[in-house]
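Contents: one structure, followed by commentary.
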Amino acid sequence: MGNIDLLDIVFRFALIIPAIVFHEVAHGYAALALGDTTAKDAGRLSLNPIKHVDPWGTILLPLLMISLFGAGFGYAKPVPVNPYRFRGDKRMGMFLTGIAGPVANLSMAAVAGIVVRFSGGLDNIIGMGAYLFALVNLVLMFFNLIPLPPLDGSRVLPLLLPDSAMEAYHKWERYGFFILIGVLWLVPSIFNVDPIGAYFEVTVYPILKLVTGIGLGGS
38 MGNIDLLDIV FRFALIIPAI VFHEVAHGYA ALALGDTTAK DAGRLSLNPI KHVDPWGTIL
98 LPLLMISLFG AGFGYAKPVP VNPYRFRGDK RMGMFLTGIA GPVANLSMAA VAGIVVRFSG
158 GLDNIIGMGA YLFALVNLVL MFFNLIPLPP LDGSRVLPLL LPDSAMEAYH KWERYGFFIL
218 IGVLWLVPSI FNVDPIGAYF EVTVYPILKL VTGIGLGGS
(Lines of atoms letter the chains of each structure in order from A and count residues from 1; the text may use other names and numbers.)
(Lines give C-alpha, C1' and ligand atoms only; values in the text may rest on other atoms or scores of the structure.)
Protein backbone atom coordinates (compact mmCIF):
# COMPACT_ATOMS: atom_id res chain seq x y z
CA MET A 1 0.00 0.00 0.00
CA GLY A 2 1.46 3.35 -1.03
CA ASN A 3 1.65 6.49 1.05
CA ILE A 4 -1.22 8.08 -0.86
CA ASP A 5 -3.48 5.12 -0.15
CA LEU A 6 -2.54 5.15 3.52
CA LEU A 7 -3.21 8.87 3.82
CA ASP A 8 -6.56 8.43 2.09
CA ILE A 9 -7.54 5.67 4.52
CA VAL A 10 -6.54 7.80 7.52
CA PHE A 11 -8.48 10.77 6.12
CA ARG A 12 -11.65 8.74 5.56
CA PHE A 13 -11.34 7.09 8.97
CA ALA A 14 -10.95 10.50 10.63
CA LEU A 15 -14.29 11.54 9.13
CA ILE A 16 -16.08 8.52 10.60
CA ILE A 17 -15.13 9.27 14.22
CA PRO A 18 -17.09 12.54 14.69
CA ALA A 19 -20.06 11.06 12.82
CA ILE A 20 -20.15 8.12 15.24
CA VAL A 21 -19.55 10.24 18.36
CA PHE A 22 -22.28 12.81 17.62
CA HIS A 23 -24.60 9.93 16.74
CA GLU A 24 -24.15 8.34 20.15
CA VAL A 25 -24.27 11.60 22.10
CA ALA A 26 -27.58 12.41 20.39
CA HIS A 27 -29.03 9.17 21.81
CA GLY A 28 -27.91 10.20 25.28
CA TYR A 29 -29.34 13.71 25.10
CA ALA A 30 -32.65 12.40 23.76
CA ALA A 31 -32.87 10.00 26.71
CA LEU A 32 -31.98 12.81 29.11
CA ALA A 33 -34.74 15.00 27.67
CA LEU A 34 -37.17 12.16 28.38
CA GLY A 35 -36.07 11.90 32.01
CA ASP A 36 -33.46 9.12 31.81
CA THR A 37 -30.10 10.23 33.25
CA THR A 38 -28.37 6.85 32.71
CA ALA A 39 -26.14 8.08 29.88
CA LYS A 40 -25.31 11.28 31.75
CA ASP A 41 -24.44 9.35 34.91
CA ALA A 42 -22.15 7.09 32.88
CA GLY A 43 -20.30 10.08 31.39
CA ARG A 44 -21.53 9.31 27.88
CA LEU A 45 -22.73 12.81 26.99
CA SER A 46 -19.14 13.82 26.30
CA LEU A 47 -17.76 14.54 22.82
CA ASN A 48 -14.50 12.89 23.87
CA PRO A 49 -14.18 9.96 21.40
CA ILE A 50 -12.36 7.81 23.96
CA LYS A 51 -15.55 7.53 26.04
CA HIS A 52 -17.39 6.03 23.05
CA VAL A 53 -14.75 3.82 21.43
CA ASP A 54 -15.53 0.18 20.76
CA PRO A 55 -12.24 -1.45 19.65
CA TRP A 56 -13.92 -3.49 16.90
CA GLY A 57 -16.81 -1.28 15.82
CA THR A 58 -15.10 2.12 16.04
CA ILE A 59 -11.57 1.26 14.90
CA LEU A 60 -11.00 -2.14 13.31
CA LEU A 61 -14.23 -2.51 11.32
CA PRO A 62 -14.09 0.96 9.67
CA LEU A 63 -10.39 0.60 8.86
CA LEU A 64 -10.95 -2.86 7.39
CA MET A 65 -13.88 -1.74 5.24
CA ILE A 66 -12.14 1.41 4.03
CA SER A 67 -9.04 -0.62 3.13
CA LEU A 68 -11.05 -3.21 1.21
CA PHE A 69 -13.91 -1.17 -0.27
CA GLY A 70 -12.82 2.48 -0.10
CA ALA A 71 -15.70 3.37 2.23
CA GLY A 72 -17.00 2.05 5.48
CA PHE A 73 -19.09 2.51 8.56
CA GLY A 74 -18.75 1.69 12.20
CA TYR A 75 -20.37 2.00 15.56
CA ALA A 76 -19.47 3.06 19.07
CA LYS A 77 -20.31 1.53 22.41
CA PRO A 78 -24.08 1.80 22.71
CA VAL A 79 -25.19 4.61 24.99
CA PRO A 80 -26.94 3.07 28.04
CA VAL A 81 -30.64 3.79 28.14
CA ASN A 82 -33.19 2.78 30.78
CA PRO A 83 -36.70 3.04 29.30
CA TYR A 84 -38.26 2.57 32.75
CA ARG A 85 -37.02 6.05 33.63
CA PHE A 86 -38.73 7.68 30.65
CA ARG A 87 -41.62 10.04 31.18
CA GLY A 88 -44.66 8.81 29.28
CA ASP A 89 -44.92 5.86 26.89
CA LYS A 90 -41.81 3.67 26.95
CA ARG A 91 -42.19 2.48 23.36
CA MET A 92 -42.36 6.08 22.14
CA GLY A 93 -39.37 6.89 24.34
CA MET A 94 -37.31 4.11 22.75
CA PHE A 95 -38.38 5.36 19.32
CA LEU A 96 -37.28 8.92 20.08
CA THR A 97 -33.92 7.88 21.57
CA GLY A 98 -33.37 5.46 18.69
CA ILE A 99 -34.13 7.97 15.95
CA ALA A 100 -32.02 10.71 17.57
CA GLY A 101 -28.75 9.22 16.28
CA PRO A 102 -29.82 9.00 12.62
CA VAL A 103 -31.33 12.49 12.83
CA ALA A 104 -27.98 13.81 14.09
CA ASN A 105 -26.26 12.16 11.10
CA LEU A 106 -28.79 13.65 8.68
CA SER A 107 -28.21 17.08 10.22
CA MET A 108 -24.44 16.76 9.84
CA ALA A 109 -24.85 15.60 6.24
CA ALA A 110 -27.02 18.64 5.50
CA VAL A 111 -24.45 21.02 6.98
CA ALA A 112 -21.68 19.27 5.04
CA GLY A 113 -23.76 19.64 1.88
CA ILE A 114 -23.95 23.41 2.42
CA VAL A 115 -20.16 23.51 2.80
CA VAL A 116 -19.76 21.58 -0.47
CA ARG A 117 -22.01 24.00 -2.34
CA PHE A 118 -20.31 27.13 -1.02
CA SER A 119 -16.72 25.86 -1.25
CA GLY A 120 -16.73 25.24 -4.99
CA GLY A 121 -17.55 21.54 -5.12
CA LEU A 122 -14.95 18.79 -5.24
CA ASP A 123 -12.09 20.84 -6.68
CA ASN A 124 -10.59 21.64 -3.28
CA ILE A 125 -9.80 19.79 -0.08
CA ILE A 126 -12.56 21.51 1.91
CA GLY A 127 -15.28 20.61 -0.58
CA MET A 128 -14.00 17.05 -0.97
CA GLY A 129 -13.76 16.57 2.80
CA ALA A 130 -17.27 17.93 3.31
CA TYR A 131 -18.60 15.69 0.53
CA LEU A 132 -17.06 12.58 2.08
CA PHE A 133 -18.34 13.63 5.51
CA ALA A 134 -21.86 13.90 4.09
CA LEU A 135 -21.48 10.44 2.55
CA VAL A 136 -20.18 8.92 5.79
CA ASN A 137 -23.08 10.37 7.78
CA LEU A 138 -25.71 9.18 5.33
CA VAL A 139 -24.22 5.67 5.23
CA LEU A 140 -24.14 5.59 9.03
CA MET A 141 -27.69 6.92 9.22
CA PHE A 142 -29.31 4.44 6.86
CA PHE A 143 -27.22 1.50 8.03
CA ASN A 144 -28.38 2.15 11.59
CA LEU A 145 -32.01 2.32 10.46
CA ILE A 146 -31.91 -1.35 9.46
CA PRO A 147 -34.39 -2.91 11.94
CA LEU A 148 -32.03 -5.46 13.45
CA PRO A 149 -30.42 -5.38 16.90
CA PRO A 150 -28.13 -3.79 17.90
CA LEU A 151 -28.91 -1.10 15.30
CA ASP A 152 -31.20 1.88 15.91
CA GLY A 153 -33.84 0.51 13.60
CA SER A 154 -34.62 -2.09 16.25
CA ARG A 155 -35.78 0.79 18.49
CA VAL A 156 -37.67 2.56 15.72
CA LEU A 157 -39.59 -0.39 14.23
CA PRO A 158 -41.50 -1.43 17.41
CA LEU A 159 -43.46 1.84 17.37
CA LEU A 160 -44.80 0.87 13.94
CA LEU A 161 -45.75 -2.71 14.82
CA PRO A 162 -48.95 -3.93 16.50
CA ASP A 163 -48.56 -5.90 19.74
CA SER A 164 -49.16 -9.21 17.96
CA ALA A 165 -46.32 -8.57 15.53
CA MET A 166 -44.07 -7.40 18.39
CA GLU A 167 -44.11 -10.89 19.91
CA ALA A 168 -42.80 -12.42 16.68
CA TYR A 169 -40.24 -9.63 16.32
CA HIS A 170 -38.89 -10.17 19.85
CA LYS A 171 -38.35 -13.87 19.05
CA TRP A 172 -36.05 -12.93 16.18
CA GLU A 173 -34.24 -10.10 18.00
CA ARG A 174 -31.67 -12.46 19.53
CA TYR A 175 -30.56 -13.46 16.03
CA GLY A 176 -30.27 -9.88 14.78
CA PHE A 177 -26.48 -9.70 14.80
CA PHE A 178 -26.13 -13.00 12.93
CA ILE A 179 -28.73 -11.97 10.34
CA LEU A 180 -26.83 -8.73 9.87
CA ILE A 181 -23.54 -10.57 9.30
CA GLY A 182 -25.30 -12.79 6.76
CA VAL A 183 -26.72 -9.81 4.87
CA LEU A 184 -23.37 -8.00 4.87
CA TRP A 185 -21.04 -10.81 3.90
CA LEU A 186 -22.61 -14.22 3.33
CA VAL A 187 -25.38 -13.23 0.91
CA PRO A 188 -23.03 -11.25 -1.39
CA SER A 189 -20.37 -13.99 -1.39
CA ILE A 190 -22.74 -16.94 -1.89
CA PHE A 191 -25.48 -15.49 -4.09
CA ASN A 192 -23.53 -12.63 -5.69
CA VAL A 193 -26.25 -10.22 -4.54
CA ASP A 194 -25.53 -7.12 -2.51
CA PRO A 195 -28.70 -6.17 -0.58
CA ILE A 196 -26.94 -3.42 1.40
CA GLY A 197 -25.58 -1.88 -1.80
CA ALA A 198 -29.04 -1.98 -3.35
CA TYR A 199 -30.48 -0.40 -0.20
CA PHE A 200 -27.92 2.42 -0.33
CA GLU A 201 -28.70 2.98 -4.03
CA VAL A 202 -32.23 4.10 -3.18
CA THR A 203 -31.47 5.85 0.12
CA VAL A 204 -27.92 7.15 0.61
CA TYR A 205 -27.01 8.17 -2.93
CA PRO A 206 -30.15 10.13 -3.88
CA ILE A 207 -30.01 12.09 -0.61
CA LEU A 208 -26.26 12.64 -1.05
CA LYS A 209 -26.99 14.32 -4.39
CA LEU A 210 -29.87 16.27 -2.84
CA VAL A 211 -27.79 17.78 -0.03
CA THR A 212 -24.53 18.32 -1.92
CA GLY A 213 -25.76 18.83 -5.48
CA ILE A 214 -23.25 16.18 -6.59
CA GLY A 215 -24.01 12.49 -7.08
CA LEU A 216 -21.66 9.64 -6.32
CA GLY A 217 -18.84 9.73 -8.85
CA GLY A 218 -19.12 13.47 -9.27
CA SER A 219 -22.19 13.45 -11.51
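Counting the sequence shown from 1 gives a position; our numbering is that position plus 37.
Quick reminder that beta carbons are idealized off the backbone N, C-alpha and C, glycines included.
Nothing here was measured: the structure is a model prediction, and the numbers come from that model.
My output table needs one value for L185: the three-state DSSP class, helix, strand or coil.
Residue numbering aside, residue 185 sits at position 148 when the sequence shown is read from its first letter. DSSP places L185 in the coil class of the three-state scheme, outside both helix and strand.
If we count the other Cβ atoms within 10 Å of its Cβ and call it buried at 16 or more, is N229 buried or exposed?
Locating residue 229 in the sequence shown gives position 192, where the first residue counts as 1. Around the beta carbon of N229, a 10 Å sphere encloses fewer than 16 other beta carbons of the protein chains shown; the residue is thus reported as exposed.
Name the two residues that bound the continuous alpha helix (DSSP H) containing P117.
Translated into the one-based positions of the sequence shown, residue 117 becomes position 80. If you look at P117, you'll find it isn't in any alpha helix (DSSP H); DSSP assigns it neither H nor E.
Which listed residue (P92, L84, T249 and S83) has its alpha carbon closest to that of V173:
Locating residue 173 in the sequence shown gives position 136, counting from the first residue. Closest by alpha carbon: T249.
Between the C-alpha atoms of S226 and I218, what's the straight-line distance to the nearest angstrom?
Against the sequence shown, residue 226 aligns to sequence position 189. Against the sequence shown, residue 218 aligns to sequence position 181. C-alpha separation (whole angstroms): 12 Å.
Does the distance from the C-beta atom of V116 to that of L84 stay below 7 Å?
On the sequence shown, residue 116 is found 79 positions in, with the first residue counted as 1. On the sequence shown, residue 84 is found 47 positions in, with the first residue counted as 1. Not a contact, by the Cβ cut-off of 7 Å.
Apply the 10 Å Cβ neighbour rule to S256 and answer buried if 16 or more other Cβ atoms are within range, or exposed otherwise.
The sequence position of residue 256 within the sequence shown is 219, counting from 1. Counting other Cβ atoms within 10 Å of its Cβ, S256 stays below 16 and is therefore classed as exposed.
Between the alpha carbons of D126 and L196, how many angstroms are there, rounded?
As a first step, residue 126 is located in the sequence shown; it is residue number 89 there, counting from the start. As a first step, residue 196 is located in the sequence shown; it is residue number 159 there, counting from the start. Approximately 10 Å, taken between the alpha carbons.
Nearest neighbour of M52, chosen from V241, P99, F179 and P199 [CA to CA]
Within the sequence shown, numbered from 1, the residue matching residue 52 stands at position 15. Here the sequence assigns Leu to residue 52, which means Met is not the residue at that position. The shortest C-alpha to C-alpha distance from L52 to any of V241, P99, F179 and P199 is the one to P99.
Top-ranked residue by Cα proximity to W222, from L175, D45, A67 and M102:
Here residue 222 is taken as the residue at index 185 of the sequence shown, counted from 1. The shortest Cα separation from W222 among L175, D45, A67 and M102 belongs to M102.
Inter-stretch contact at 8 Å, needing at least 3 Cβ pairs: the segment 127-141 / the segment 64-74
Contact between the segment 127-141 and the segment 64-74 is present: three or more C-beta pairs spanning the two stretches fall below 8 Å.
Cβ contact check for the segment 178-194 and the segment 229-249: 3 or more pairs under 8 Å
They touch, by the three-pair rule.
Out of T95, K114, D189 and R128, state which residue places its alpha-carbon closest to the alpha-carbon of A141.
Within the sequence shown, the letter at position 104 stands for residue 141. Closest by alpha carbon: D189.
In the structure shown, what three-state DSSP assignment does G150 receive?
What you label residue 150 is simply residue 113 of the sequence shown in a count that begins at 1. Three-state DSSP puts G150 in a helix.
Using DSSP with H/G/I as helix, E/B as strand and the rest coil, what is T240?
As a first step, residue 240 is located in the sequence shown; it is residue number 203 there, counting from the start. Three-state DSSP puts T240 in coil, outside helix and strand.
Rounded separation between G234 and L253 - CA only
Counting from one through the sequence shown, the residue named residue 234 turns up at place 197. Counting from one through the sequence shown, the residue named residue 253 turns up at place 216. G234 and L253 have their C-alpha atoms roughly 13 Å apart.
What are the uninterrupted segments assigned as alpha helix (DSSP H) that are 4 or more residues long and contained completely in the segment 48-85, given in chain order?
As far as the segment 48-85 is concerned, its whole alpha helix (DSSP H) runs of at least 4 residues are 75-78.
Between the alpha carbons of A147 and I54, how many angstroms are there, rounded?
For this step, residue 147 is matched to residue 110 along the sequence shown. For this step, residue 54 is matched to residue 17 along the sequence shown. C-alpha separation (whole angstroms): 17 Å.
Output the boundary residues of the alpha helix (DSSP H) element that contains I251.
Here residue 251 refers to the residue found at position 214 when the sequence shown is read from its first residue. Where I251 is concerned, there is no enclosing alpha helix (DSSP H), given that its DSSP letter is neither H nor E.
Determine the DSSP secondary structure at M38, reduced to helix, strand or coil.
What you label residue 38 is simply residue 1 of the sequence shown in a count that begins at 1. Bear in mind that a pLDDT of 41 at M38, under 50, signals an unreliable position, so the number given afterwards is only what the model happens to contain. Coil at M38, not helix or strand.
Just how far apart, CA to CA, sit D231 and E238?
Residue 231 sits at position 194 when you count from the first residue of the sequence shown. Residue 238 sits at position 201 when you count from the first residue of the sequence shown. Going by the C-alpha atoms only, they are around 11 Å apart.
Express the C-alpha separation of G164 and D73 in angstroms, rounding to a whole number.
By one-based count along the sequence shown, residue 73 stands at place 36. By one-based count along the sequence shown, residue 164 stands at place 127. Roughly 39 Å separates the two Cα atoms.
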